[in-house]
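*Asks:* Going line by line, the protein sequences match chains A and B. Residue numbering for the first sequence follows numbering that gives the first Met the number 0, beginning at 0 and increasing consecutively. Residue numbering for the second sequence follows numbering that gives the first Met the number 0, beginning at 0 and increasing consecutively.
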Amino acid sequence: MMKTRTWILLFSILLIVGIAASVAVFFGRTGGTVANIYQDGVCIRSIDLSTVDAPYDFTVSCDSGENTVSVERGRICIRDADCPDQVCVAFGWLADSAAPIVCLPHRLVIRIEKQAKSGGIDAVAR
Amino acid sequence: MSRMQRIARDAVLTAVGLAVFWIELQIPTPFPIPGVKLGLSNVVTLFAMFTLGPWDTLVILAVRILLGGIFSGQIMSLLYSAAGGLLCYLVTLGMRKLVTPRQIWTCGIMGAIAHNAGQLAVAVAVTQTPQLLAYAPILLVSAILTGLFTGLLTQFLITRLKQIFLKR
Chain A
0 MMKTRTWILL FSILLIVGIA ASVAVFFGRT GGTVANIYQD GVCIRSIDLS
50 TVDAPYDFTV SCDSGENTVS VERGRICIRD ADCPDQVCVA FGWLADSAAP
100 IVCLPHRLVI RIEKQAKSGG IDAVAR
Chain B
0 MSRMQRIARD AVLTAVGLAV FWIELQIPTP FPIPGVKLGL SNVVTLFAMF
50 TLGPWDTLVI LAVRILLGGI FSGQIMSLLY SAAGGLLCYL VTLGMRKLVT
100 PRQIWTCGIM GAIAHNAGQL AVAVAVTQTP QLLAYAPILL VSAILTGLFT
150 GLLTQFLITR LKQIFLKR
């Protein structure tokens, strides 16, 4: 059907585009400071990271388990989780990347955005 | 080949696919990105598609997905495996008649891309957060690289095993 050379060209282009897009996503800035935490698609908590004083942790629970979220000024991470793959914990700190932190088994997503999506914003930390 | 021989042959391939799948699960992931994996069990699927035909491949894939989900203990992963596997199967099926034996590696890549796309789609649907699509580029890159590896592996397996006759 297609010459092998065409396939190689096609995949090379896809690869370059993919790498470029990956870099853009990972190093791209969303320009926001609000960490929106989504559980099953619903934003259950919004934290304005720029106004956080003392670091604090809190737990998010769902029917399949728990995630411990850690908040510091300007960044957020999942410190601990009881999910089997631990991908969310391995992600580390999220400061201002376009990539979200995901815990797929617990359907938990943390994303940096410009606006708070839930009712009350966490503007003041303990 | 009698029916029993056919069943036995497919069962062996299913077992191999399952074993490879299981071993791959034990390898710690170097990248903290959901969905990035070697996809070695696709070698079995691809191999079956080009040597046994679509029906046997479908059965082998379905049984491996089912048993893999049960053995790994996570029923939720069944949804992801099924979506990824099905899309990969359909794409490979579509390409089956279009590529030459020396181009089987292209099916490896396209299948891997389809697999990751299927899993990403399920993830977006399950978590109901389209923002997960931010992972699409990195999954594309991963798919191309791992798909090339598994595709080439399968191609060498098929073209250099003289006793296996290509069925297309």
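Heads up, the beta-carbon is just placed ideally off N, CA and C, and yes, glycines get one too. What you are looking at is a predicted structure, and each value in this text was computed from that prediction instead of being measured.
Spell out the partners DSSP gives valine 101 of chain A in its beta bridges.
*Replies:* Here the question's residue 101 of chain A lines up with position 102 in the first sequence. DSSP, once it has assigned bridges, lists A:Val108 as partnering valine 101 of chain A.
*Asks:* Taking C-beta to C-beta, are serine 40 of chain B and valine 19 of chain B nearer than 9 angstroms?
*Replies:* The residue labelled residue 40 of chain B in the question sits at position 41 within the second sequence. The residue labelled residue 19 of chain B in the question sits at position 20 within the second sequence. Contact: yes.
*Asks:* Can you give, in chain order, each stretch of the alpha helix (DSSP H) that sits fully within the segment 61-97 of chain A and has at least 4 residues?
*Replies:* DSSP runs (the alpha helix (DSSP H)) wholly in the segment 61-97 of chain A: 86-90.
*Asks:* So, with DSSP's three-state summary, where would you put aspartate 56 of chain A?
*Replies:* The residue you call residue 56 of chain A lines up with position 57 of the first sequence. Of the three classes helix, strand and coil, the one that applies to aspartate 56 of chain A here is strand, per DSSP.
*Asks:* Which first and last residues belong to the alpha helix (DSSP H) in which isoleucine 32 of chain B is found?
*Replies:* In the second sequence, residue 32 of chain B corresponds to position 33, counting from 1. No alpha helix (DSSP H) contains isoleucine 32 of chain B, which DSSP labels as neither H nor E.
*Asks:* Enumerate in chain order the residues of its own chain whose CB-to-CB distance from isoleucine 157 of chain B is below 6 angstroms, with the five nearest sequence positions on each side excluded.
*Replies:* Numbered from 1 along the second sequence, position 158 holds the residue referred to as residue 157 of chain B. Closer than 6 angstroms at the Cβ level, and outside the excluded window around isoleucine 157 of chain B, lie Phe49.
*Asks:* For the ligand SAM, is there any heavy atom lying closer than 8 angstroms to the beta carbon of glutamine 85 of chain A?
*Replies:* The model depicted lacks the ligand SAM and carries no ligand whatsoever.
*Asks:* Is leucine 8 of chain A close to chain B? Criterion is C-beta to C-beta, closer than 9 angstroms.
*Replies:* By one-based count along the first sequence, residue 8 of chain A stands at place 9. Output row for leucine 8 of chain A: interface = no.
*Asks:* For chain B, is any of its Cβ atoms less than 9 angstroms away from the one on threonine 50 of chain A?
*Replies:* Locating residue 50 of chain A in the first sequence gives position 51, counting from the first residue. Threonine 50 of chain A does not count as touching chain B.
*Asks:* For chain A, check one thing: does any of its Cβ atoms lie closer than 9 angstroms to the Cβ of valine 169 of chain B?
*Replies:* Beyond the ends of chain B as shown, which are 0 and 167, falls residue 169 of chain B; an answer cannot be given.
*Asks:* Considering leucine 9 of chain A, what are the terminal residues of the alpha helix (DSSP H) in which it resides?
*Replies:* One-based indexing of the first sequence puts residue 9 of chain A at position 10. Element bounds for leucine 9 of chain A: 3-26.
*Asks:* Counting only the same chain and skipping the five closest in sequence on each side, list residues whose C-beta sits under 8 angstroms from that of arginine 95 of chain B.
*Replies:* One-based indexing of the second sequence puts residue 95 of chain B at position 96. Closer than 8 angstroms at Cβ, skipping near neighbours: Met48, Phe49, Pro53, Cys106, Arg167.
*Asks:* Can you check whether the C-beta of isoleucine 108 of chain B is within less than 9 angstroms of a C-beta belonging to chain A?
*Replies:* Position 109 of the second sequence, counting from 1, holds the residue named residue 108 of chain B. Yes, because at least one Cβ of chain A sits closer than 9 angstroms to the Cβ of isoleucine 108 of chain B.
*Asks:* Residue range of the alpha helix (DSSP H) that threonine 153 of chain B falls in?
*Replies:* Taking the second sequence and counting its residues from 1, one reaches residue 153 of chain B at position 154. 135-159 is the span of the alpha helix (DSSP H), which, as asked, contains threonine 153 of chain B.
*Asks:* Leaving aside the five residues before and after proline 129 of chain B along the sequence, list all residues of the same chain whose C-beta is less than 6 angstroms from its C-beta, in chain order.
*Replies:* Here residue 129 of chain B corresponds to residue number 130 of the second sequence, with the count starting at 1. Answer for proline 129 of chain B: Val123, listed in chain order.
*Asks:* In terms of residues, what are the limits of the alpha helix (DSSP H) holding proline 100 of chain B?
*Replies:* For the purposes of this step, residue 100 of chain B is taken as the residue at position 101 of the second sequence. No alpha helix (DSSP H) contains proline 100 of chain B, which DSSP labels as neither H nor E.
*Asks:* Arginine 167 of chain B by DSSP, collapsed to three states: which one?
*Replies:* Locating residue 167 of chain B in the second sequence gives position 168, where the first residue counts as 1. A caution first: arginine 167 of chain B carries a pLDDT of 48, below 50, which makes its placement in the model unreliable, though a value can still be read off. It is coil, neither helix nor strand.
*Asks:* If we cut at 9 angstroms on Cβ distances, does alanine 133 of chain B have a partner in chain A?
*Replies:* Numbered from 1 along the second sequence, position 134 holds the residue referred to as residue 133 of chain B. It does: the Cβ of alanine 133 of chain B has a partner Cβ on chain A nearer than 9 angstroms.
*Asks:* To the nearest angstrom, report how far apart alanine 122 of chain A and valine 70 of chain A are at their CA atoms.
*Replies:* Here the question's residue 122 of chain A lines up with position 123 in the first sequence. Here the question's residue 70 of chain A lines up with position 71 in the first sequence. Low confidence applies here, because alanine 122 of chain A scores a pLDDT of 45, under 50, leaving its location unreliable; read the following figure in that light. When rounded, the distance between both Cα atoms is 12 angstroms.
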